[in-house]
Every structure is written in C-alpha cells, then in structure tokens.
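K.L.:
Quick one: this structure, given as structure tokens, is what I'll be asking you about.
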Amino acid sequence: MHRRDGAPLSVVAGRPATAAAWTAVEVARSLRRPRALATLDAALRSRTCDRRGLTAAAARQAGRRGIVAVRDLIPLADGLAESPMESEARLAMLDGGLPRPVLQYVIVDRSRRTWRLDFAWPEFGLAVEYDGFDWHSDREQFARDRQKRAALTEIDWTMISIVADDVRKHPRDMVRRIEHEMARRLRAA
990 MHRRDGAPLS
1000 VVAGRPATAA
1010 AWTAVEVARS
1020 LRRPRALATL
1030 DAALRSRTCD
1040 RRGLTAAAAR
1050 QAGRRGIVAV
1060 RDLIPLADGL
1070 AESPMESEAR
1080 LAMLDGGLPR
1090 PVLQYVIVDR
1100 SRRTWRLDFA
1110 WPEFGLAVEY
1120 DGFDWHSDRE
1130 QFARDRQKRA
1140 ALTEIDWTMI
1150 SIVADDVRKH
1160 PRDMVRRIEH
1170 EMARRLRAA
C-alpha cells in the first residue's frame, strides 16, 4: 500500500483510500493542462467531490509541484464535460479568448425534438460539436448528427464541427473559425 503524507483518507469497499478531491488534485498536478482539466472535470462529473473540495485539496497540497497550474484550472472545471477531448477543446477555446461556452446545452427544434449540444453560445445561436473518429462508425449516429445539423439550421443556429486535430494541432485556427462565426452572427443581428 502506498501512503501520501497529509492525504485525507476515507474507506471505500472496506479499504482505506485517499479522498476523491485529494486524488483528483494529486493526479492533475502530474498532467499537462488539458489532461489536468479533464481530470478535474471527471472528478466533478463523478459527484464524489465538488469544487469546494477540489479547492480545499489544492490548498492542502500547497508547495507541491504543479499545484499552481491546478489551482488556476479549478475555476474552469465543469462536471458537464462528457469526455477528455471536450475538456481539452474547452480549454483551447478559453485560452484562445472565447467566452465560456454553455456545456451540454439543450435546445428544442421546430418539431419539438430536443437536441443536446456539446458547446453552445446561445446569445450567438452558435453550437460547436466535438466529433471523435469512432463516433461516426455507426450509421444511426451519422444520420442523427445530420438531422441535428438540419434542425439547428431551421431554427437559425449554426453548428461547427471540430475534431482532435483542431484541438491539439490547430487550436488557433479552431478559435478563429468560432470567432468568425460569432462576428458574422453579430453583424447579421
């Protein structure tokens, strides 16, 4: 069994374990910013801890390597992020100067169908969807994505699709595409 000095313990399935918030912060400290944010997002999504717990755990780990970056990420963490790539994409958007998007935004189309959007800026009528390469291997999912795009167009929303290369290799270009669409929609209003 490994021990961590200062780590608060709880009992899980009859065994001692470090508290969820402590563990999330400790793991995040060892990761690059995008994956660190994904770790904090996942901790919040699991509902085993909350932002206050993450903040307290970070305070108790003061002086340890990587803690300053983690403390800066905690306010950005969001339990609505559904995948590490959504977390990475959001961080690239925020680092690029975009306003904070609404995650998993629910919208109703003209046919009263509901659609959930990965990232939305309702004030611009703009959605961004992250598409993983394995996501469209299913014909039904491919068709559903096309229906979603058509439904959004009918209610005057724009949907931009992004992939891992946009996030990891070309984040500035991705941000520019989103900024351009925001500006275009503002001019049209």
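To convert, count from 1 in the sequence shown and add 989; that's this note's numbering. All C-beta atoms in this analysis are idealised placements derived from N, C-alpha and C, irrespective of residue type, glycine included. The structure displayed is predicted, hence computed values, not measured ones.
1. Can you tell me whether DSSP reads residue 1141 as helix, strand or coil?
2. Is residue 1118 helix, strand or coil when you go by DSSP?
3. So, under 8 Å CB-CB, residue 1032 and residue 1043 are touching, yes? Tell me the CB distance rounded to an integer number of Å.
4. On a CA-only basis, which of 1052, 1165, 1013, 1099 is nearest residue 1083? Give me that one, please.
5. Taking C-alpha atoms, which residue in 1056, 1012, 1080 lies nearest to residue 1067?
6. On a CA-only basis, which of 1055, 1075, 1029, 1051 is nearest residue 1152? Give me that one, please.
7. CA-CA distance, residue 1053 and residue 995?
8. Hey, quick one: how far does the alpha helix (DSSP H) through residue 1155 stretch, first residue to last?
P.N.:
So, from the listed chains and residues:
1. Residue 1141 sits at position 152 when you count from the first residue of the sequence shown. It is helical.
2. Counting from one through the sequence shown, the residue named residue 1118 turns up at place 129. DSSP places residue 1118 in strand when its eight states are reduced to three.
3. Numbered from its first residue, the sequence shown carries residue 1032 at position 43. Numbered from its first residue, the sequence shown carries residue 1043 at position 54. Contact holds; Cβ gap of about 7 Å.
4. Residue mapping note: residue 1083 aligns to position 94 of the sequence shown, counting from 1. The candidate whose alpha carbon is nearest that of residue 1083 is 1165.
5. Taking the sequence shown and counting its residues from 1, one reaches residue 1067 at position 78. The shortest C-alpha separation from residue 1067 is found at 1080.
6. By one-based count along the sequence shown, residue 1152 stands at place 163. Residue 1075 is the option with its Cα nearest to residue 1152.
7. Taking the sequence shown and counting its residues from 1, the one referred to as residue 1053 is at position 64. Taking the sequence shown and counting its residues from 1, the one referred to as residue 995 is at position 6. Rounded to the nearest angstrom, the two C-alpha atoms are 12 Å apart.
8. Mapped onto the sequence shown, residue 1155 falls at position 166. That run of the alpha helix (DSSP H) goes 1153-1157.
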